[in-house]
Ligand SMILES: [Zn+2]
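Numbering (my numbering), first residue to last: 1 to 138.
Listed below in structure tokens is the structure:
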């Protein structure tokens, strides 16, 4: 499996300034706290996460990412919201993935809405559609 080893090293279709800034934000975060996949989820041999980010505003950003996770990747699955004025927002797949591993679920799909606040705009200003597939060691 092609594996890049970190959540923020991504294949990106659409790149713009906000996207770049968001990526830098991600890098700044302390992923060390999360530990490695091999430590946190030793039964996992690999993982592929596909995400589509969208904003429910004028000029929606549509961004797709496919992320390949290895046992030596960080178990860090939190993506920053790319809405500039959003505070305390973001998309955290950690609990979804932890739950999948617990149940040995091989694939899951869903949507996460950003719960951050952006002044006058209502919450739900941005959302991520995700598809996760996990391979397990026997
Ligand atoms: Zn947000």
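Where a beta carbon is used, it is the ideal one built from N, C-alpha and C, also for glycine.
Computed from a predicted structure; not experimentally measured.
Open item on the list: Under 8 Å: does the beta carbon of residue 90 sit that close to some heavy atom of ligand 1?
Closed with: Answer for residue 90: yes, Cβ within range of ligand 1.
- [ ] Run the CB neighbour count on residue 62, radius 10 Å, all protein chains shown included, and call it buried at 16 or more, exposed below.
- [x] Within 10 angstroms of the beta-carbon of residue 62 lie fewer than 16 other beta-carbons, which makes it exposed.
Task: Status (buried if at least 16 other CB within 10 Å, exposed otherwise) for residue 72 - done: Looking at its Cβ environment, which holds fewer than 16 other Cβ atoms inside 10 Å, residue 72 is exposed.
Task: Where residue 119 sits in the DSSP three-state scheme - done: Reduced to three states, the DSSP call for residue 119 is coil.
TODO: Would you decide whether residue 111 is buried or exposed? Buried here means 16 or more other CB atoms lie within 10 Å of its CB.
DONE: Around the CB of residue 111, fewer than 16 other CB atoms lie within 10 Å, so the residue is classed as exposed.
Open item on the list: Please confirm whether residue 93 has its beta-carbon closer than 9 Å to some beta-carbon of chain B.
Closed with: Looking for chain B here will not work: only one protein chain is present.
Task: Any alpha helix (DSSP H) of 4 or more consecutive residues that is wholly inside the segment 45-128 - done: Listed in chain order, they are 94-103.
- [ ] Determine the burial state of residue 94: buried for a count of at least 16 other Cβ atoms within 10 Å of its Cβ, exposed for fewer.
- [x] Per the 10 Å Cβ criterion, exposed.
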